[in-house]
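For what it's worth, my numbering labels the leading residue of the sequence shown as 984, then goes sequentially.
We put the beta carbon where it would ideally sit given N, CA and C, even for glycine.
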Amino acid sequence: MNPIILPIAELKPALNGLGKIINMKSAVPILLQVKVERTSEGWIALTATDLDRFVTVRFEHPSEGPPLAVLIPFDQLAQITKKSGRDESLIIEVNCPADIMIRFALANNLGGSKVKSLPIVEFPTTPRLKADGIPLPAEIRRSIREAMDCASVDSTRYILNGAFIDTSNPKACYIVGTDGKHLYSANSFTLPLKNSVIIPSHKFLGWKEFNLDGEWQIKADEVAVQLSTRRWRFISKQIEGNYPNWRQTIPNPNEAKTRITINPEKLEELNKLIQRIPCHDADKFNTIGLEWKQGQFLLLGKDSLDEPWTRVPVLDVKGEGPEVTIFINRRFLTKAFDYGLNTIALINDISCLRFHNQGKQMIVMPLRPEGANPPPPAVPVIQSSPPAPTPPPKPMISSPTSESPIPNGPKTPVEEAIDMTLQIRDKLNEGFNLLRDLSIKLKGINRDHKNSAKDLQSVRSTLRQLQVMKF
């Protein structure tokens, strides 16, 4: 039977991509295998899966021989490939399903490594989507990646763990991503998709090789979604459920009183400046202040909680509207500038900020700086009753299954149960964080113990040498 030839120049990047799907800690042996096949047309293809996702790569040139498919352990294939030269090839010899050998260059001869293969019938069947492929221009691909970068990674809010392509308005589709603290959306395009799609986030979709392999095409049905390039194909189960009504979190642009516009050419330089501004709570909120005052835009930061704010002016900025000071997570600020969102629209110091540019926008929840006291009133006012509390900022996105409480009314049993689940979640997260800190501390103690043991062993060795020396 004709062997399968795998050129190392193509195999190395192929295994790099497939390795982003394979979980080497998996307890299921079949998920640690790579399916190597030669199609009826002679194309060589490699496939890996974690059951929820399938990734396939096709090699550049076809080879002669009948259709053939075998399973090879990923780690064995990767180890042999790593030791081979770029101009070499691996030869997969298949005498029978139980007799598979990987041949590789060894000096002037061929070496061999026997494969402990599993039956090919045990490998999960790759889904085949019957829908037509829809091309995705470069700008849409970029928006999908940016939306995934803003999506949630919280498993308890799985519906938010991906990029949402909203086709409810066929003439103005949107790509949306949010984690509840900031929300990204992009429009100005149309896609002939029958239904809206939630593409689960995955590190493979951000991989450089996949993004540089030509135009993307998308296919979707009721169960799965497929993104393909010239040689790569990524198939994943869709995230089931109804995406929250993200539009209700977008502030009314007409309510923005202060607008600040930054020269787009200065955004990269400005992000470098932000990294140098001191931060007193980098381990918690990563706070930075934005201030529009006396016709000047300033960034605020400080080294410690009890210090005054350091104000850094930003040049080449245009602005208008009332003076305002607002605080946000600087990670969201640099992200907005990375996306080219150079206009900031502000309503007041407690409402959501809106970064935007053309068809893209990012809505960000503000922060209340630690230790900041509310400014005193301009004119003292004597009141017979306590003043009404200032309303907090409206949450970005609430859970799609929760109901909003009735204002000033008692909570229903369902709402009380939801509050209890949130409290339990917070306690569990706190416990996980403590376990993580304990693990880090134990590793440090263990490392110090090993170093001490080595030092002690060295001292003992020196003493033994001194004992046998004759003067």
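- By the C-beta density criterion, N985 is exposed, having fewer than 16 other C-beta atoms within 10 angstroms.
- In the structure shown, S1138 adopts helical secondary structure according to DSSP, grouped into three states.
- No residue range can be given for S1334, since it is assigned to no beta strand (DSSP E) and is classified by DSSP as neither H nor E.
- Between V1300 and F1268, the beta carbon gap of about 25 Å keeps them out of contact (Cβ cut-off 8 Å).
- Contact check for E1223 and I1330: beta-carbon distance about 36 Å, past the 8 Å limit, so the pair fails to qualify.
- Distance from the CA of A1203 to the CA of S1219, rounded to the nearest whole angstrom, comes to 10 Å.
- Of the residues L998, M1007 and S1072, the one whose Cα lies closest to the Cα of N1092 is S1072.
- By the neighbour-count criterion, in which a residue is buried when 16 or more other Cβ atoms sit within 10 angstroms of its Cβ, C1079 is exposed.
- DSSP, reduced to helix, strand and coil, places H1044 outside both helices and strands of the structure shown, so it counts as coil.
- V1040 is not a Cβ neighbour of F1217, given a cutoff of 7 Å.
- In this structure, L994 lies near T1064, with their beta-carbon atoms less than 7 Å apart.
- In the DSSP assignment, G1323 falls outside any alpha helix (DSSP H) and carries neither an H nor an E.
- Under the three-pair Cβ rule at 8 Å, the stretch 1241-1255 does not count as touching the stretch 1179-1195.
- Fewer than three beta-carbon pairs drawn from the stretch 1138-1156 and the stretch 1104-1120 are found closer than 8 Å, and the two stretches are therefore not classed as touching.
- Of the candidates T1139, S1168 and F1187, F1187 places its Cα closest to the Cα of P996.
- When secondary structure is reduced to three states using DSSP, N1312 falls in the strand class.
- Looking at the backbone, the Cα of S1171 and that of D1033 are separated by about 35 Å.
- Straight-line measurement puts the Cα of L1256 at about 11 Å from the Cα of R1313.
- Per the C-alpha coordinates, the member of L1273, K1099, N1152 and W1215 positioned closest to R1230 is N1152.
- At the C-beta level, P1234 and C1335 come within 7 Å of one another.
- Taking a C-beta distance under 7 Å as the contact criterion, P1110 and A1207 qualify as a contact pair.
- Judged by their CB atoms, L1288 and E1274 are not nearer to each other than the 7 Å cut-off.
- Cβ-Cβ distances below 7 Å link K1276 to E1306 in the same chain, with the five nearest sequence neighbours on each side left out; the list follows chain order.
- Between the stretch 1080-1100 and the stretch 997-1011, the count of Cβ pairs shorter than 8 Å is below three; the stretches do not touch.
- The secondary-structure analysis by DSSP pairs G1278 with nothing; it has no beta-bridge partner.
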